[in-house]
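Read left to right, the sequence shown gives residues 301 to 427 (our numbering). Beta carbons: idealized from backbone N, C-alpha and C, even for Gly. Everything below concerns the one structure shown next.
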Amino acid sequence: MNQQEGATLDEVATAAYAHLFQAFAEPTRLAIVQHLASGEHRVRDLVEHMGLAQSTVSKHVGFLVECGLATMRPEGRSTWYSLTQPELLRTLVAAAECLLDATGTQALLCTHLRLPHTHHATDTEKK
301 MNQQEGATLD
311 EVATAAYAHL
321 FQAFAEPTRL
331 AIVQHLASGE
341 HRVRDLVEHM
351 GLAQSTVSKH
361 VGFLVECGLA
371 TMRPEGRSTW
381 YSLTQPELLR
391 TLVAAAECLL
401 DATGTQALLC
411 THLRLPHTHH
421 ATDTEKK
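Following this line, the structure appears as structure tokens:
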């Protein structure tokens, strides 16, 4: 439903959506999600694949588990992590790709979304 159909803004749902998207807004966490989309991994596997510190990977995996986006399965002395809804996350990534295709470079050049260490030259900067 949209505003034209007389729908009121659902503040609870909006806050939940914002919280969900915030979970994916951190590049390292999003990279971990992409790795987990291929199947179960241990923290040490992710450390090896990504070249990150164990503490960094553990922090982000813990965040994903706490948010219900990932689950853990103990096996012996190891703990295996996987996505709780991998097919839905693949759908979300596909939707993001469609949105980026539709907006072209606008989202990439948007100063409000730009990461602090990222710089994209605009047409006026190139002149």
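Let me check one thing: in DSSP terms, what residues is residue 381 bridge-paired to? Translated into the one-based positions of the sequence shown, residue 381 becomes position 81. Bridge partners of residue 381: 341, 372.
Between residue 384 and residue 370, which are expected to be in contact by the criterion C-beta below 8 angstroms, what is the C-beta distance as a whole number of angstroms? For this step, residue 384 is matched to residue 84 along the sequence shown. For this step, residue 370 is matched to residue 70 along the sequence shown. Between residue 370 and residue 384 the Cβ distance is about 6 angstroms, and since that is below 8 angstroms, they are a contact.
Measure the CB-CB distance between residue 361 and residue 332 and report whether it falls below 8 angstroms. The residue labelled residue 361 in the question sits at position 61 within the sequence shown. The residue labelled residue 332 in the question sits at position 32 within the sequence shown. In this structure, residue 332 lies closer than 8 angstroms to residue 361 by Cβ.
Let me make sure I understand the geometry here. Which of 314, 346, 321 has the alpha-carbon closest to that of residue 379? As a working mapping, residue 379 is identified with position 79 in the sequence shown. From the listed residues 314, 346, 321, the smallest Cα separation to residue 379 is found for 346.
Restricting to Cα atoms, I'd like to know which of 386, 376, 398 is closest to residue 368. The residue labelled residue 368 in the question sits at position 68 within the sequence shown. When each option's Cα is compared against that of residue 368, the closest is 386.
Just the Cα atoms here: how many angstroms apart are residue 322 and residue 363? As a first step, residue 322 is located in the sequence shown; it is residue number 22 there, counting from the start. As a first step, residue 363 is located in the sequence shown; it is residue number 63 there, counting from the start. The straight-line gap from Cα to Cα measures roughly 11 angstroms.
Would you mind stating whether residue 381 and residue 348 have Cβ atoms separated by less than 8 angstroms? As a first step, residue 381 must be located in the sequence shown, where it is residue number 81. As a first step, residue 348 must be located in the sequence shown, where it is residue number 48. Not in contact: residue 381 and residue 348 (Cβ atoms no closer than 8 angstroms).
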